[in-house]
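Q: Reading the sequence shown from the start, the letters are residues 3 to 332 in my numbering. Starting off with a structure, shown below.
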Amino acid sequence: RAVNNSSFSVFPGQTLALVGESGCGKSVTAMSVLRLLPTPPAKYLGGRIVFEGRDLLALKESEMRQVRGRDIAMIFQEPMTSLNPVYTIGDQIVEAVTLHQHVGRREAYNIAETALGDVGINDPARRLGEYPHQLSGGMRQRVMIAMALSCKPKLLIADEPTTALDVTIQAQILELLRKLQNEAGMAILLITHDLGVVAENADTVAVMYASRIVEVASVEPLFDRPQHPYTQGLLRSVPKLGQKVGRLETIAGTVPSPARFPSGCKFHPRCPAMQGDTKCRDVEPDLREVLPGHWAACHHVPGYEQSPLTMPTIEGRRPVHVETTREVTL
Numbered sequence: 003r004a005v006n007n008s009s010f011s012v013f014p015g016q017t018l019a020l021v022g023e024s025g026c027g028k029s030v031t032a033m034s035v036l037r038l039l040p041t042p043p044a045k046y047l048g049g050r051i052v053f054e055g056r057d058l059l060a061l062k063e064s065e066m067r068q069v070r071g072r073d074i075a076m077i078f079q080e081p082m083t084s085l086n087p088v089y090t091i092g093d094q095i096v097e098a099v100t101l102h103q104h105v106g107r108r109e110a111y112n113i114a115e116t117a118l119g120d121v122g123i124n125d126p127a128r129r130l131g132e133y134p135h136q137l138s139g140g141m142r143q144r145v146m147i148a149m150a151l152s153c154k155p156k157l158l159i160a161d162e163p164t165t166a167l168d169v170t171i172q173a174q175i176l177e178l179l180r181k182l183q184n185e186a187g188m189a190i191l192l193i194t195h196d197l198g199v200v201a202e203n204a205d206t207v208a209v210m211y212a213s214r215i216v217e218v219a220s221v222e223p224l225f226d227r228p229q230h231p232y233t234q235g236l237l238r239s240v241p242k243l244g245q246k247v248g249r250l251e252t253i254a255g256t257v258p259s260p261a262r263f264p265s266g267c268k269f270h271p272r273c274p275a276m277q278g279d280t281k282c283r284d285v286e287p288d289l290r291e292v293l294p295g296h297w298a299a300c301h302h303v304p305g306y307e308q309s310p311l312t313m314p315t316i317e318g319r320r321p322v323h324v325e326t327t328r329e330v331t332l
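Rendered as C-alpha cells:
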C-alpha cells in the first residue's frame, strides 16, 4: 500500500508541508487528491478525500475535471516533462484558462499574459509565443506556477516545486509562492524532503514514513520538540551552520519497499527506541495527540497510551481540504 491510514487538513491561507524520505508516499498522496493515479494499476481501497464538504472519490470523472485546475491546482516536480514541448507557453496556459473560466481566446491570452507577469517573467507577451525548451529551469517553473494560479485555485499542491533549481532561484520561487498565497488566501500543500524549505515556508508539518503519517505539529514545536523517533532522526541528519562534524548522522537501515512493509510499526526495524519491545513489532500505533496541537504515532512517546485518538486539526478553523485516504495500492 503506497498510502495507508493517513489523515490531514489544509486550511485557507495556510501551508501544510508533507515531508519524508523518497519513496514514503508523498507524491502518491498528492496525485491521489486530484485522482490522477492511473487505475489500474492503482486502486483506492477505502477512505475519503474531502474538499469543501464533497468526497472527491464519489465524483464522476466529468465532475472531477471541473475541480482540477479551477479549485485545486498542482505544480509538478519537473516542469520540462509537465509542459508539452510541441505547444507554446501561451497555448498551454490559454487552454487551462478557457477550460475552467469559460472565456474567449483573446481574453484568455490577456489572463495568461497577466499571470506570467505576476510570477515575475519579463516581457510576458513575447514569452507566450515561446516553447518550453527556450526557457531556463527557473523560468519553466515560474510558467508552471502561472498556469496553476491562472484560475485562482483554493488549494495549490506544490510537489517538490524547487527540485534541481539552484538556491537563488529556489528562494525566488518560494518567496513568489508566499506572496501569491498572501494575496489570494489560498491553501498550499507543500511536498518536500528539504527541512530548510519547511522551516521557512510551512505553518504545519506532517511527517510521512512508509505510507503513513507519523507526526503532525506546527513548525516550531516540531523542530524544537520532535516526538517521533523518525522525525528526531531526520532533524539530527540536517547539517547546522557553525557545527563541525566529521560525518553527518544518519538513520540506520533503509526505507522498506511497499511490497514488504514490516508488521506493527513500520519504523521499528530502524528505531533506536524499540530495544526489543514486541509491541512495536506487533501493533501499529495510531496517530494520537500527545501534546496540545501535537500528534505522533509511537508507543514510546511519553503519555502516548493515555493520549486521545483525534484527527489533526486547528480549533475553530474550517479546512479547505481533508484527506483521509485509508489505502491506495500500486
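For every residue, glycine included, the Cβ atom is placed at its ideal position computed from N, Cα and C.
When you compare each of Cys-282, Gly-305, Asp-279 and Asp-284 to Arg-290 by their alpha carbons, which one comes out closest?
A: The shortest Cα separation from Arg-290 among Cys-282, Gly-305, Asp-279 and Asp-284 belongs to Gly-305.
Q: Looking only at C-alpha atoms, which of Met-82, Phe-10 and Pro-14 sits nearest to Gln-183?
A: With distances taken between Cα atoms, Gln-183 lies closest to Pro-14.
Q: Could you tell me whether the Cβ of Tyr-46 comes closer than 8 Å to any Cβ of chain D?
A: No chain D is present in this structure, which holds just one protein chain.
Q: Cutting at 6 Å between CB atoms, please list the residues of its own chain near Leu-18, excluding the five before and the five after it.
A: The answer, listed in chain order, is Val-12, Leu-191 and Thr-206.
Q: Would Leu-250 and Ser-239 be called neighbours here (beta carbons separated by less than 8 Å)?
A: Yes; because the gap between Cβ atoms is below 8 Å, this pair is in contact.
Q: Rounded to whole angstroms, what's the CA-CA distance from Asn-86 to Pro-134? Just pull it up for me.
A: Cα to Cα, the separation comes out at about 7 Å.
Q: Taking the CB atoms as reference points, tell me whether Glu-132 and Ile-175 lie closer together than 8 Å.
A: Cβ atoms of Glu-132 and Ile-175: not closer than 8 Å.
Q: Is the separation between the beta-carbon of Phe-53 and that of Val-218 shorter than 8 Å?
A: No, the pair does not count as a contact, with Cβ atoms beyond the cut-off.
Q: Given a cut-off of 8 Å on the beta-carbon distance, is the pair Ala-114 and Val-88 in contact?
A: No. Outside cutoff.
Q: Return the CA-CA distance between Arg-37 and Asp-57, expressed in angstroms with no decimal places.
A: Looking at the two C-alpha atoms, the distance is approximately 12 Å.
Q: Note the first and the last residue of the continuous alpha helix (DSSP H) segment covering Ile-2.
A: Nothing about residue 2 can be reported from this structure: the residues present for the chain run from 3 to 332 only.
Q: Please name the residue in Ala-160, Val-292 and Pro-260 whose C-alpha comes closest to that of Glu-80.
A: For Glu-80, the nearest C-alpha among the options comes from Ala-160.
Q: Kindly confirm or deny that the segment 187-203 and the segment 251-259 touch, where touching means at least three C-beta pairs closer than 8 Å.
A: These segments do not touch.
Q: Per DSSP, which one or two residues make a beta bridge with Tyr-211?
A: According to DSSP, Tyr-211 bridges with Arg-214.
Q: Distance check for Gly-119 and Ser-8, CA to CA, integer angstroms please.
A: Their Cα atoms are separated by approximately 38 Å.
Q: Report the residue ranges of all beta strand (DSSP E) runs contained in full by the segment 33-104; include only those spanning at least 3 residues, in chain order.
A: You should have 45-53 and 74-77.
Q: Count the other C-beta atoms from every protein chain shown that fall within 10 angstroms of the C-beta of His-104, then say buried if there are 16 or more, exposed otherwise.
A: Exposed, by the Cβ-count rule.
Q: Since Ala-204 and Val-221 should fall inside the 8 Å C-beta cutoff, what is the C-beta to C-beta distance between them, to a whole number of angstroms?
A: That belief holds up - the Cβ atoms of Ala-204 and Val-221 are roughly 5 Å apart, short of 8 Å.
Q: The alpha helix (DSSP H) with Asp-2 in it runs from where to where?
A: Here the chain comprises residues numbered 3 to 332, so residue 2 is not present and cannot be evaluated.
Q: Note down, in chain order, each residue of its chain lying with its Cβ closer than 6 Å to the Cβ of Val-324, except the 5 sequence neighbours on either side.
A: Because the pLDDT of Val-324 is 40, which lies under 50, any placement of that residue in the model is unreliable, and the question is left without a value.
Q: So Ala-1 is in the alpha helix (DSSP H); what residue range does that whole segment cover?
A: Residue 1 is absent from the model: the chain starts at 3 and stops at 332.
Q: Less than 6 Å between C-beta atoms, sequence neighbours within five positions excluded: which residues of the same chain meet that for Ala-298?
A: Closer than 6 Å at Cβ, skipping near neighbours: Glu-217, Gln-229, His-230 and Val-292.
Q: To the nearest angstrom, how far is it from the Cα of Arg-70 to the Cα of Arg-107?
A: Roughly 20 Å between the two C-alpha positions.
Q: In whole angstroms, give me the CA-to-CA distance for Pro-287 and Asn-124.
A: Spanning the two alpha carbons is a distance of roughly 52 Å.
Q: Applying the criterion that 16 or more other CB atoms from any shown protein chain within 10 Å of the CB defines a buried residue, is Asp-168 buried or exposed?
A: It counts as exposed.
Q: Hey, would you say Met-149 sits closer than 8 Å to Phe-78, going by beta carbons?
A: No, they are not a contact pair.
Q: Compute the beta-carbon to beta-carbon distance between Lys-62 and Met-210, rounded to the nearest angstrom, for a pair I have assumed lies under 8 Å.
A: Incorrect: roughly 30 Å between the Cβ atoms, too far for contact.
Q: Considering only the alpha carbon of each residue, which of Arg-128, Gln-245, Gln-172 and Val-99 lies closest to Thr-144?
A: Rather than Thr, the amino acid found at residue 144 in this sequence is Arg. Closest by alpha carbon: Gln-172.
Q: Identify whether Ser-309 lies in helix, strand or coil by the three-state DSSP scheme.
A: DSSP places Ser-309 in coil when its eight states are reduced to three.
Q: By the three-class DSSP mapping on this structure, what secondary structure does Asp-17 have?
A: Rather than Asp, the amino acid found at residue 17 in this sequence is Thr. In this structure, Thr-17 counts as strand in the three-state DSSP scheme.
Q: Just to confirm my understanding: we take Val-99, look at its own chain, exclude 5 residues before and 5 after, and list those with CB closer than 7 Å. What are they?
A: Excluding residues within five positions, the ones whose Cβ falls inside 7 Å are Val-105, Ala-110, Ile-113, Ala-114, Ser-152 and Cys-153.
Q: To the nearest angstrom, how far is the alpha carbon of Arg-214 from that of Asp-196?
A: Their Cα atoms are separated by approximately 19 Å.
Q: Beta-carbon separation of Val-247 and Val-21 under 8 Å?
A: Taking 8 Å as the Cβ cut-off, Val-247 and Val-21 do not qualify as a contacting pair.
Q: Taking its Cβ as the centre, do 16 or more other Cβ atoms sit within 10 Å of Gln-16, making it buried, or is it exposed?
A: Flag for Gln-16 reads buried.
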